[in-house]
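Structure first, then comments.
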RNA sequence: GGCGGCGUAGCCAAGCGGUUAAGGCGAGGGACUGCAAAUCCCUUAUUCCCCGGUUCGAAUCCGGGCGCCGCCUCCA
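Numbering (this note's numbering), first residue to last: 6 to 472.
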């Protein structure tokens, strides 16, 4: 399998499963100062799907998504609410975990929190100071970017260009404006940990390095996150990790494209965001997942209610096929697949895997899945043989499982008594229809429709569904 | 200004040197129906932002435009 890596600026081959015992995968998770917005959900869905696809192909994945629970934004929010940073972090960690579940993500192997690793961070900073890659200035510790020759290799930036166009305000304490804080001295009222440089807290760029090293070793197989993290966050991680270990920090760097709104990046600071939980509540987990997976993970994707609605309908269509196929084929589970159909099915299945093996092209894979559904429908229409449909339905479900799609058994049903009641109404209405009393028959249909119960008169009788 | 990406049907979106240019949504036509709804079937890009070039052959490669976006500051 090939994945396009930011560092190589091109595709990198992942060694086949079995050649290596486990694959370590690290994704930059949220800062817990508020509910996550739907843009934050993109890496959580896309890399969850990638992880599960790799697992389905025989890889053993150790999947880490960190939780940043030390940060300026948390401190600010606490001040606004008259609460403590600990309380804010605790609360939004809980909310985040709930949202992660609602997005249909498989729980990560580890979900480390920065607060639990402060000691290790102090150790790492100490090493950097000892090696001459970092310096102490008035209770702060800064990483000296000029001390790391590879600085800029991930983002393709040149130190001198950066300085020329720099929007960074030079800080007195820094030797170079691009140096970044490893340790920040505590201001009055701020959370603090004791350190050799005085009380303070770690800078953001250090936590991922430390947690990744602790849980996955010095070199990660895959490091992933949003494309807005390439610079400076991931660049700074590389500098710290590699300055200490002398080994590559990660083999493959994956960066998902941004979610946009009318072409502009969704961001809390721009105010153009929607909370993930609200979008999931409105459109459902699978519509959100389908929405993301119907666009290649590296490209920007534009958010709109219409786009989500479109995804919801596409998901709906597949479920309609699955329900029909599984119903029609009941009792014919072992019916042999006609040769013609088997061939087409096989072709689509190969296509599905080819697409995913090639830079995890989920839109292509979804198209292959839709193609299978269409092949099934066409076959049933042409040959009048519906028995074969069950095999297709099974294949679709099997292939879609790692993507977190099409695993629901069926639409939620009503209680037995209610169903009997609807059955009674349907029977009465059909009596009226036979007598030609369409006026009353239509009224019953309309009233039920208003209650969310849709009646359909088919040649074989009337069936009903929930809207 | 520097670095990176994108521009494919009404909309969304794959394809990245030879395919009938995937797939979804929408739209149009048909079947079914008392009328509907739903469903099913069929149709829907001689052409890939523009202009040159390379090639037997380009949406795909190269050069030059035009337009849009991201990063360079916290950010998934």
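Note that the Cβ used here is the ideal one computed from N, Cα and C, for glycine as well.
Is it right to say residue 367 is buried, meaning 16 or more other beta carbons lie within 10 angstroms of its own, or is it exposed? buried
First and last residue of the beta strand (DSSP E) that includes residue 261? 255-261
Following the continuous alpha helix (DSSP H) through residue 211, name the residue where it begins and the one where it ends. 209-221
Between 211, 251, 327, 248, which has its C-alpha nearest residue 238's C-alpha? 211
In the DSSP assignment, find the unbroken beta strand (DSSP E) run with residue 30 in it and report its ends. 28-32
So, using beta-carbon positions, are residue 31 and residue 221 closer together than 8 Å? yes
Around the C-beta of residue 261, are 16 or more other C-beta atoms found within 10 angstroms, so that it is buried, or is it exposed? buried
Please classify residue 455: does DSSP put it in a helix, a strand, or coil? helix
Alpha helix (DSSP H) segments (min. 4 residues) lying fully within the region 421-447: 421-439
Cα-Cα separation between residue 417 and residue 470, rounded to whole angstroms: With a pLDDT of 42 at residue 417, under the threshold of 50, the modelled position of that residue is not reliable, and the figure given next carries that caveat. Looking at the two C-alpha atoms, the distance is approximately 10 Å.
Decide if the region 79-96 is in contact with the region 15-25; the criterion is three or more beta carbon pairs, one per stretch, under 8 Å apart. no
Same chain, Cβ closer than 6 Å to residue 228, five either side skipped, listed in chain order: 31, 255, 258
For residue 309, the three-state DSSP class (helix, strand or coil): coil
Assign residue 297 to one of three DSSP states: helix, strand, or coil. helix
On the DSSP bridge assignment, give the partners of residue 270 in chain order. 265
Compare the beta carbon distance of residue 98 and residue 72 with 8 Å and say whether it is the shorter of the two. yes
For the beta strand (DSSP E) containing residue 393, list its first residue and its last residue. Premise fails: residue 393 is in no beta strand (DSSP E) and is neither H nor E.
Between the region 236-253 and the region 264-272, are three or more C-beta pairs nearer than 8 Å? no
Which residues in the same chain have their Cβ closer than 8 Å to the Cβ of residue 398, if we skip the five residues on either side of it in sequence? 326, 327, 330, 331, 334, 381
Note down, in chain order, each residue of its chain lying with its Cβ closer than 7 Å to the Cβ of residue 369, except the 5 sequence neighbours on either side. 360
Mapping the DSSP letters down to three states, classify residue 161 as helix, strand or coil. coil
Write down the C-beta distance between residue 265 and residue 233 rounded to the nearest angstrom, noting that I regard them as a contact closer than 8 Å. In fact, because the Cβ distance is near 12 Å, the residues do not count as touching under 8 Å.
Just how far apart, CA to CA, sit residue 45 and residue 281? 8 Å
So the beta strand (DSSP E) residue 15 belongs to, where does it begin and stop? 15-18
Just the Cα atoms here: how many angstroms apart are residue 6 and residue 93? 41 Å
Residue 278 versus residue 77 - alpha carbon distance: 21 Å
Backbone secondary structure at residue 37 - three-state DSSP: coil
Please state the DSSP three-state secondary structure of residue 232. helix
Just list the residues that DSSP pairs residue 462 with in beta bridges. 467
Report the CB separation of residue 203 from residue 186 in whole angstroms; it is logged as a contact under 8 Å. The pair is not a contact, with the Cβ atoms about 14 Å apart (cut-off 8 Å).
Let's see if you can read the secondary structure: which residues bound the alpha helix (DSSP H) around residue 7? Element bounds for residue 7: not the alpha helix (DSSP H) but the beta strand (DSSP E), 7-10.
Let me know if residue 10 comes out buried or exposed under the rule of 16 or more other beta-carbons within 10 Å of its beta-carbon. buried
Is it buried or exposed for residue 3, if we count other Cβ within 10 angstroms and need 16 for buried? Given that the chain is displayed from residue 6 to residue 472, the structure contains no residue 3 and the question cannot be resolved.
DSSP three-state call for residue 226: helix, strand or coil? strand
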